[in-house]
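Notes follow the structure.
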């Protein structure tokens with residue numbers, strides 16, 4: 060059996076890793092993944108003053124006059140704002156348009172499509188906590204995605220399988236990057252971390268953010284309406300989970316109620 064190939068990229072203010080467990084590959088097998096994330100960063104990063112989104116934020120370019128790619132991304136973000144009843148939003152409290160809540164996941168989805176187009180079937184892509192998997196891991200079994208304990212980043216709360224029906228797992232919260240999720244005025248953050256498994260990485264990423272912002276009400280609503288699994292960590296360390304999560308022996312997870 061061939062050994063796994065791994066490519067690690069630093070882009071979009073985070074680390075992106077791609078693991079190819081087996082199958083044909085060339086020396087530069089992950090170049091397309093790197094290009095997709097670099098292109099997204101150049102267009103949508105608010106940390107780059109030369110990006111199109113930064114020029115929109117500065118008032119140098121009006122949104123209606125922006126590129127078709129920018130308008131499509133904004134339309135996608137507005138769609139999810141409607142779906143989540145405003146728990147997810149592309150607008151910062153100061154009014155600045157920030158599309159980071161969908162851009163990274165869209166880049167991950169595009170990277171997955173590129174890998175498939177190149178004939179790769181067995182891989183795992185981790186874009187700063189947005190994990191998308193395909194096929195099998197190096198041991199021939201399925202990919203298992205570990206869920207980090209927000210109180211101790213060196214340990215795991217548990218894991219969940221990335222399955223053919225639900226191959227995407229995304230985690231959102233304040234433990235890694237501090238308080239960066241916007242919530243309705245006058246509300247407090249009930250969860251410090253939320254992990255969602257879904258059929259696609261955009262759904263997983265957006266709903267992880269929306270549930271973090273919306274708390275138990277959002278968790279129950281989305282898990283009852285959509286084919287997802289959720290693990291949420293309360294501020295006091297308590298856990299809420301849907302049945303799809305695997306229990307970790309040192310941190311039993313009770314079902315959401």
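In the working numbering, the protein residues as written are 60 to 316.
Glycine included, C-beta positions come from ideal geometry on N, C-alpha and C.
In whole angstroms, what is the alpha-carbon distance linking residue 112 and residue 199? Going from the Cα of residue 112 to the Cα of residue 199 covers about 42 Å.
Excluding five sequence neighbours on each side, which residues of the same chain lie with their C-beta closer than 8 Å to the C-beta of residue 220? Spatial neighbours of residue 220 in its own chain (CB-CB distance under 8 Å, excluding positions within 5 residues in sequence) are listed in chain order as 201, 202, 203, 204, 305.
Residue range of the beta strand (DSSP E) that includes residue 182: 182-186
Same chain, Cβ closer than 8 Å to residue 137, neighbours up to 5 away in sequence not counted: 149
Any idea what DSSP makes of residue 154, helix, strand or coil? coil
Can you tell me whether residue 276 is buried or exposed? The criterion is at least 16 other CB atoms within 10 Å of its CB, across all chains shown. exposed
In whole angstroms, give me the CA-to-CA distance for residue 189 and residue 266. 12 Å
In three-state terms, what does DSSP make of residue 190? strand
Cutting at 7 Å between CB atoms, please list the residues of its own chain near residue 259, excluding the five before and the five after it. 168, 227
Look at residue 253 and residue 282 and say whether their C-beta atoms are less than 8 Å apart. No; because the gap between Cβ atoms is not below 8 Å, this pair is not in contact.
Residue burial classification, residue 296 (beta-carbon count within 10 angstroms, cutoff 16): exposed
Coil, strand or helix - residue 171 by DSSP: helix
Can you tell me whether residue 288 is buried or exposed, with buried defined as 16 or more other CB within 10 angstroms of its CB? Here residue 288 is buried: its Cβ has 16 or more other Cβ atoms, across all protein chains shown, within 10 Å.
Residue 272 CB to nearest chain B CB: under 8 Å? Reference to chain B is not applicable here, since this structure consists of a single protein chain.
Nearest-angstrom Cα separation, counted from residue 284 out to residue 73: 31 Å
Out of curiosity, what's the CA-to-CA distance linking residue 222 and residue 183? Spanning the two alpha carbons is a distance of roughly 12 Å.
Please identify the residue among 139, 66, 159, 151 whose C-alpha is closest to the C-alpha of residue 101. Of 139, 66, 159, 151, the residue nearest in Cα terms is 159.
Cut-off 6 Å between Cβ atoms - residues of its own chain near residue 63, not counting five sequence neighbours on either side: 78, 80, 197
Taking only the alpha-carbon atoms, compute the straight-line gap between residue 186 and residue 68 and give it to the nearest angstrom. 9 Å
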